[in-house]
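Trainee:
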Amino acid sequence: MTAFTVSAVDQNLETLAAAYGVATSYVDQSGMHVDVSEDTVLAVLAALGTDLRHVPDRSAAIAAAAESMRLRDWRRMLPPVVVATQGVASSVWVHVPDGAAAAAYVVTEQGDRVDLLQVDNWNPPVEVDGVMIGEASFAINADLPLGWHTLHAESGDRRAEASLVMTPARLDPDSIAGDRQWGFMAQVYATRSRESWGIGDLHDLATLASWSGRDLGAGFVLINPLHAATPVSPIENSPYLPVTRRYTNPIYLHVEDIPEFQDLKKNQRAMLEESAAPLRAMNLTADLIDRDRVWSAKRAAFGEIFASGLSKSRRADFDAYCAGQGLGLRDFATWCAMCEIFGNDPSGWSAEYSTPDSPAVAAFREKHASLVELHMWMQWQMDQQLAATQKAARDAGMAIGVMADLAVGVHPSGADAWALHDVLARGVSVGAPPDMYNQMGQDWSQPPWRPDALAEAGYLPYRDLLRTILRHAGGLRIDHVLGLFRLWWVPAGMGARRGTFVRFDHDAMIGILCLEAHRAGAIVVGEDLGTVEPWVRDVLASRGILGTVISWFERTDGVITPLDHWRRDILASVTVHDLPPTAGFLRDEHVRIRESLDLLTTDPAVEYANARRDREQWAALLRDAGFLAADADLDTDAGLDAMAIALHRAVGSTQARLVGVGLPDVVGDRRAQNQPGTYLEYPNWRVPMTDSAGHPMLLEDVMAGPALLGPMVDAVRRH
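Add 69 to the 1-based position in the sequence shown for the numbering used here, that's all there is to it.
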């Protein structure tokens, strides 16, 4: 790789990269300075719409591109969007010919007009395309109501408008969570009951929430992302690689809870029950979850139920839902229908179907109107069952209820990549730089938001997905919350280690998140693990966004952080879905998997020794705190089970506002759900819940009270 050197050309390229938020160097997890290769920077700039890789005179092209970026905002009267914070002084610029008068005002969501006061601006005018352009500044009223308003500017016969988003200064987790809430962390698909069709569903989630809230005093249940997958086989197993983050996966529907199911003729219901029988038999095995088989049966059932029709009142409700979701739902349903007709690989579709607003797509939608409506109907059913699930959780006394999970990105060939192609970058994917857990770096294959295009779109695609996911959730976990600040972009074909960071406007991203969460009455948790600079955590905390602590990772200068030094505003837990359950982790499952998949760059013996050292360090802390008996033998299953309980006691003893307990932990499950850095090499996201011996554990078995349940729950809840 060619590292950056100091020269005139490199300086111009560095200036251009900085204008786009592209890092030309960074500090890695070990604290080492790393220079980014010129090839990487050029590839990332190409993904941002400035491709300078093959121009004849690169030096001149780079200089011209840098100059164009310098003048970009001077060429417009208003910025495309302004995100302000209530109670915080701010202003907006208005560009007009030098010396021309200007005025600005806001029309609020409620239709009120608020004139803005012009304030001093001493920036000198700039020549733009032969015209001297001046800059006026207007103070944004800090007491404007929260919401999405419209900013207007006038100068002579010139007019411009932009979105003005007024966001809350801070969310108020106290008002929702109080002193302490605990809850289960569950993979819905793996949490099956005897009535499940081979996969856990929303009825099972409602049962889990009701039981844990009513009988155990839980305040929330944190679940995996329910984002949609392709509607035809092969079904993507990873909930973190969806086709869209805005809409959901109907595989989680409980067929019998659809109102129209009860209206089917007796023979129709019997037919559906017959198709469900072999899937229910799968619940009684520890075999991997077969989403393709499940979806085949459920999709046939949905078609049968949909064809039976809707009553007049139900049709009115359905129409109202569709109207509220607008073009986003229509486009998603159209994409799903196209997958069913043309196959789920859009690269094989005719070019005339490449964008949702093409004439060919409009004609397709008209020709296959019933199929498009079926996919809209399935989303409506999900919306209704999610609403019922959250209601069941709150009725059981949960302060938060269902805590949804927002994945980092979407599938490169999915519905969002098709419908939102203008705001997603091409030729790059999101990932992570090398770290101590995955020493080769990670490429998650997901196209990232383009920061520039997202701002040009007024952040509406981002707002819309937040609104939809928060409709029926009391909390939201943001996976890799650092992505609101910067993301690791991996150029196609270069490998995860040769990426670089691209910066986002975190004030805008976080402000809009806070606004939508505030309106939904939801608490927000950011997954801020890994290399996160202290100022990032400070920003999140200042806005009322909770952080994340996983016991195994919580160290200060290489030493386990004392329990009384853990942060207050966090979701704390012993483990996380990217690690084996506690019983497996204590038995070195995290090392064994990586060794078997050749993911280690160090000697496996060293890794096993490190795992044993970490275990012994934790055991010493637990013994000193009185959570683990001095004579607990960690070379026996009984001793390791005692340590698993002691770890939960340790987490429960901290000041953490939220404490999560992995549902697999209370049944002694050992198998990992996911191995980061793998795709098909490990059966990620397909592992059903089992006990320590590998026998399937259904929801009914969990509710019957396995041996670890009581001690672990008692360890984390405050009496």
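Don't be surprised by glycine CBs; every beta carbon is placed ideally from N, CA and C.
(1) Given a threshold of 16 other Cβ atoms within 10 Å of its Cβ, counted over all protein chains shown, does H123 qualify as buried or as exposed?
(2) In angstroms with no decimal places, state the Cα-to-Cα distance between D734 and H764.
(3) My output table needs one value for A456: the three-state DSSP class, helix, strand or coil.
(4) Less than 7 Å between C-beta atoms, sequence neighbours within five positions excluded: which residues of the same chain meet that for V720?
(5) Does the beta-carbon of H541 have 16 or more other beta-carbons within 10 angstroms, so that it is buried, or is it exposed?
(6) Between I358 and Y321, what straight-line distance do the alpha-carbon atoms span, to the nearest angstrom?
(7) Does DSSP put V157 in a helix, a strand or coil?
(8) Could you give the distance in angstroms between the alpha-carbon of V42 and the alpha-carbon of R227?
(9) Under 7 Å Cβ to Cβ from D576, same chain only, skipping five residues before and after it: list those, please.
(10) In the DSSP output, which residue or residues are listed as bridge partners for S498?
(11) When the distance is taken between beta carbons, is P311 closer than 8 Å to P300?
(12) Check the DSSP bridge columns for Y528 and list the partner residues they point to.
(13) Nearest CA to the CA of L341: which residue from R360, R315, P319, G372?
(14) Should H102 be labelled buried (16 or more other beta-carbon atoms within 10 Å of its own) or exposed?
(15) Nearest CA to the CA of A86: which residue from I245, L545, E136?
(16) Measuring only the C-alpha atoms, how far is R692 from Q686?
(17) Can you round the beta-carbon distance between A715 and P649 to whole angstroms, since I take them to be within the 8 Å contact cut?
(18) Using the rule of at least 16 other Cβ atoms within 10 Å of the residue's Cβ for burial, across every protein chain shown, is A586 buried or exposed?
(19) Looking at C-alpha atoms only, which residue of V550, L767, D104 is the closest neighbour of A355?
(20) Based on the DSSP output, what are the partners of M254 in its beta bridges?
(21) Please say whether V593 and W557 have beta carbons closer to each other than 8 Å?
(22) State the DSSP-derived secondary structure class of G746, mapped to helix, strand or coil.
(23) Quick check on D104: does DSSP put it in helix, strand or coil?
(24) Around the C-beta of T71, are 16 or more other C-beta atoms found within 10 angstroms, so that it is buried, or is it exposed?
(25) Please classify R263 as buried or exposed, where buried requires at least 16 neighbouring CB atoms within 10 angstroms.
(26) Using beta-carbon positions only, say whether L493 and A484 come within less than 8 Å of one another.
(27) Over what stretch of residues does the beta strand (DSSP E) that includes Y50 continue unbroken?
(28) Excluding sequence positions up to five away, which residues of its chain have a Cβ less than 6 Å from the Cβ of T74?
(29) Quick one: grab the DSSP three-state call for L826.
(30) Between the beta-carbon of T317 and the beta-carbon of G580, is there less than 8 Å?
(31) Thinking C-beta only, is W449 closer than 8 Å to V477?
Mentor: The short version:
(1) exposed
(2) 14 Å
(3) helix
(4) S620, A641, S642, V643, V728, V785
(5) buried
(6) 13 Å
(7) coil
(8) Since the first and last residues shown for the chain are 70 and 788, residue 42 lies out of range.
(9) V152
(10) V559
(11) no
(12) In the DSSP output, where bridge partners are listed per residue, Y528 has none listed.
(13) G372
(14) exposed
(15) E136
(16) 10 Å
(17) With a Cβ gap of about 18 Å, A715 and P649 do not count as contacting.
(18) buried
(19) L767
(20) L291, G731
(21) no
(22) coil
(23) strand
(24) Because the pLDDT at T71 is just 44, under 50, the model does not fix this residue reliably, and the value given afterwards should be weighed accordingly. Exposed, because fewer than 16 other Cβ atoms sit within 10 Å of the Cβ of T71.
(25) exposed
(26) no
(27) The requested residue 50 is not part of the displayed model; the chain covers only 70 to 788.
(28) Confidence at T74 is low in this model, with a pLDDT of 43, below 50, so the placement of that residue is unreliable and no value is reported for it.
(29) In this structure the chain extends from 70 to 788, so residue 826 is not present and cannot be described.
(30) no
(31) no
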